[in-house]
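Asks:
Residue numbers (my numbering): 74 to 686.
1) Please report the straight-line C-alpha distance between residue 283 and residue 232, rounded to a whole angstrom.
2) In terms of alpha-carbon separation, which member of 676, 185, 130, 548 lies closest to residue 171?
3) State the CB to CB distance for the pair residue 563 and residue 486, rounded to an integer number of angstroms; the pair is presumed to be in contact (CB under 8 angstroms).
4) What residue from 281, 436, 589, 391 has the CA that sits closest to residue 218's CA?
5) Given that a residue counts as buried once 16 or more other Cβ atoms are within 10 Å of its Cβ, and exposed if not, what is residue 82?
6) Would you grab the beta carbon distance between residue 601 and residue 506 for me? Rounded to a whole angstrom, and I think it's under 8 angstroms.
7) Nearest by alpha-carbon distance to residue 129: which of 582, 97, 604 is it?
8) Skipping 5 residues on each side, what residues in its chain have a beta carbon closer than 8 angstroms to that of residue 522?
9) Using only the alpha-carbon positions, how far apart do residue 266 and residue 245 sit?
10) Relative to the C-alpha of residue 459, which candidate in 663, 519, 479, 436 has its C-alpha closest?
11) Can you name the start and end residues of the beta strand (DSSP E) that residue 239 belongs to?
12) When you measure from the CB of residue 669 to every non-hydrogen atom of the ligand SAH, does any distance come out below 6 angstroms?
13) Indicate whether the contact test is met: 3 or more Cβ pairs, each with one atom in the stretch 586 to 604 and one in the stretch 656 to 666, closer than 8 angstroms.
14) Pair every Cβ in the stretch 261 to 278 with every Cβ in the stretch 149 to 164, then say whether three or more of these pairs are closer than 8 angstroms.
15) Given that a residue counts as buried once 16 or more other Cβ atoms are within 10 Å of its Cβ, and exposed if not, what is residue 447?
16) Comparing C-alpha positions only, which one of 619, 320, 399 sits nearest to residue 641?
17) Sort 449, 634, 197 by Cα distance to residue 133 and report the nearest one.
18) Pick from 236, 333, 497, 543: whose alpha carbon is nearest that of residue 440?
19) Hey, how far is the Cα of residue 415 from the Cα of residue 296?
20) Taking DSSP as the reference, what is the three-state secondary structure of residue 441?
21) Taking the continuous alpha helix (DSSP H) assigned at residue 697, which residues delimit it?
22) Is the CB-CB distance between residue 709 and residue 143 below 7 angstroms?
23) In this structure, how does DSSP classify residue 634 when only helix, strand and coil are distinguished?
24) Would you mind stating whether residue 555 and residue 504 have Cβ atoms separated by less than 7 angstroms?
25) I'd like to check one pair, residue 454 with residue 15: are the Cβ atoms closer than 7 angstroms?
26) Excluding the 5 residues preceding and the 5 following residue 61 in the sequence, name in chain order all residues of the same chain whose CB lies nearer than 7 angstroms to its CB.
27) Is the CB-CB distance between residue 449 and residue 550 below 7 angstroms?
28) What residues in its chain sit with their C-beta under 6 angstroms from that of residue 467, if we drop five residues either side in the sequence?
29) Take residue 365 as the anchor and find which of 407, 330, 533, 311 has the nearest alpha-carbon.
30) Go through its chain and collect everything with a Cβ distance to residue 147's Cβ below 7 angstroms, but skip five positions before and after it.
31) Restricting to runs no shorter than 4 residues, where is the alpha helix (DSSP H) found entirely within the stretch 98 to 171?
32) Distance, Cα to Cα, residue 131 vs residue 139?
33) Indicate whether residue 596 and residue 272 have their beta-carbon atoms separated by less than 7 angstroms.
34) Is the Cβ of residue 212 closer than 7 angstroms to any Cβ of chain B?
35) If you follow the beta strand (DSSP E) that residue 204 is part of, which residue opens it and which one closes it?
36) Rank 444, 234, 247, 242 by C-alpha distance to the C-alpha of residue 253 and give the top, closest one.
As structure tokens, then:
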């Protein structure tokens, strides 16, 4: 499910291949939205943009208006006024209509009416006025109040309609809402979008969400979606027959679940088709199985019907597939919130281990995953609010985080000569999303591309100048996608041959946020949870050696970092581990995050000093 209905100019221009919006100034942006008694919506927008720099025109020269089967363009006019006052109207021949399919989509009903402005100098003002009428599938909508990277001198957004409810997500002091007479009006002046920062949420600007009618809670939203499913043919004999065939000799519920999930994931290709209501309602399970391809909704519904035939209850669950976004749980509406569908299976009596992605009593399965077993859920769907649709209602459940399954393990063993030269072996295990990504590369890439990628990955985690030879890799299988990379390594001498051994630079796999990004930060930190481990085993050239390194241990609710060092005979062993347990970290948790990040940062900066008698 990738139904997107609320587009900012910045996001649309990016999709159309245009440059990001630069430092032009929006002099006026006015949007008037009216919810009519028949449920249709009229949207009028007035936009005035001043070109301040030479690069502004190339980015604003083509302006898109989003349309689809449910959004009709009523009127549109545009012009460009030069600094001297000359106004040039945009002719009908300078308007065009484009269809746009996202990556991986076979068909889409998305369209854009584009306006091409005539070339004008810096200081000119581009103007556009248009009206669109829409009959939404769900009584809700949203407006991005800020355009990425652009200052807005004057903003006014009004939404009016009977039974209106609204909320501003990401509200800022400059944005002033006022409710009166069945309408809400949001105004702002001198609105400057926040400066982008590292690991920020995908949605950083303020958003006005609005809805109307009786669907006021998540339970009702689930009921609305189940109503859409009633129009989808169910109970196909072909689907029942396939389910019986797949589980014919399966002895238990766990085995039946594994076989049916494996079929939906690996035998049915993922192909997105987003046309009209098809952006929300799936194709029938029979249709998906017959053609052996479907989008996330079609594959999920097929898996639900297969499992039910096997006596395993299963339910569709609307989800947000976004590593750096999240659902606004305080505003029940699917519009602009969900873009994916997975499957929720009651977890009782399935014989699952603690590593399984179970939360709220449900095991969550993503039928679009092509790798992994029941125990793996892609991190883009971990720690997200999903809407389980069952029994005529919706239940909002947060999916679990399984950071132990996501990460890297680096093992380096080498012999260190008195001159400081090192020879040995390096091994890296990639688990979860990193393993899945490598297998994608290995499947699609040429051998030389795979070899180059392995060299780059290993070299990044070794001292400068390290030389690699005998590179091999293998998939290690199991319930989570995993890959092992191995190579012989030689590290040239870094010091003189007499006196103490030179300090040893031992890079770690830095994945925690840098402590400095937390200073004066007001937006959450969003990062993929993980668990990384590093082990260095160094065979020293002499007995009676000591090491100048600290034992470090920090562990809190956000993450952990640990370092241990020991010398036994001639073997020095250094182990480091780092982990992040949360995906979305709000400012109140920054002290805990900074404690862990500082421990890693300070430890990584120290070189290992070894003294031998």
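Glycine is no exception: its CB is placed at the ideal position from the N, C-alpha and C atoms.
Replies: The relevant details are as follows:
1) 8 angstroms
2) 185
3) Residue 563 to residue 486, Cβ: 13 angstroms. No contact.
4) 281
5) Caution applies to residue 82, whose pLDDT of 42 falls short of 50 and renders its modelled position unreliable; the model cannot decide the point.
6) 7 angstroms
7) 97
8) Closer than 8 angstroms at the Cβ level, and outside the excluded window around residue 522, lie 514.
9) 10 angstroms
10) 436
11) For residue 239, the enclosing beta strand (DSSP E) stretches over residues 238 to 242.
12) Only the bare structure without any ligand can be found here, which leaves the ligand SAH out of the picture.
13) With the cut-off at 8 angstroms, the stretch 586 to 604 and the stretch 656 to 666 touch.
14) no
15) buried
16) 619
17) 197
18) 333
19) Residue 415 and residue 296 have their alpha carbons spaced roughly 17 angstroms apart.
20) coil
21) Nothing about residue 697 can be read from this structure; the chain reaches only from 74 to 686.
22) In the structure displayed, the chain extends from 74 to 686; residue 709 sits before or after that span and is not available.
23) Note: residue 634 maps to strand in three-state DSSP.
24) yes
25) Nothing can be reported for residue 15, as the shown portion of the chain is limited to 74 through 686.
26) Limits of the chain in this structure are 74 at one end and 686 at the other, which puts residue 61 out of reach.
27) no
28) Closer than 6 angstroms at Cβ, skipping near neighbours: 291, 292, 294, 295, 460.
29) 311
30) 204, 205, 206
31) 129 to 133
32) 20 angstroms
33) no
34) Given the protein chain composition of this structure (a single chain), no chain B is represented.
35) 198 to 207
36) When only C-alpha atoms are compared, the closest one is 234.
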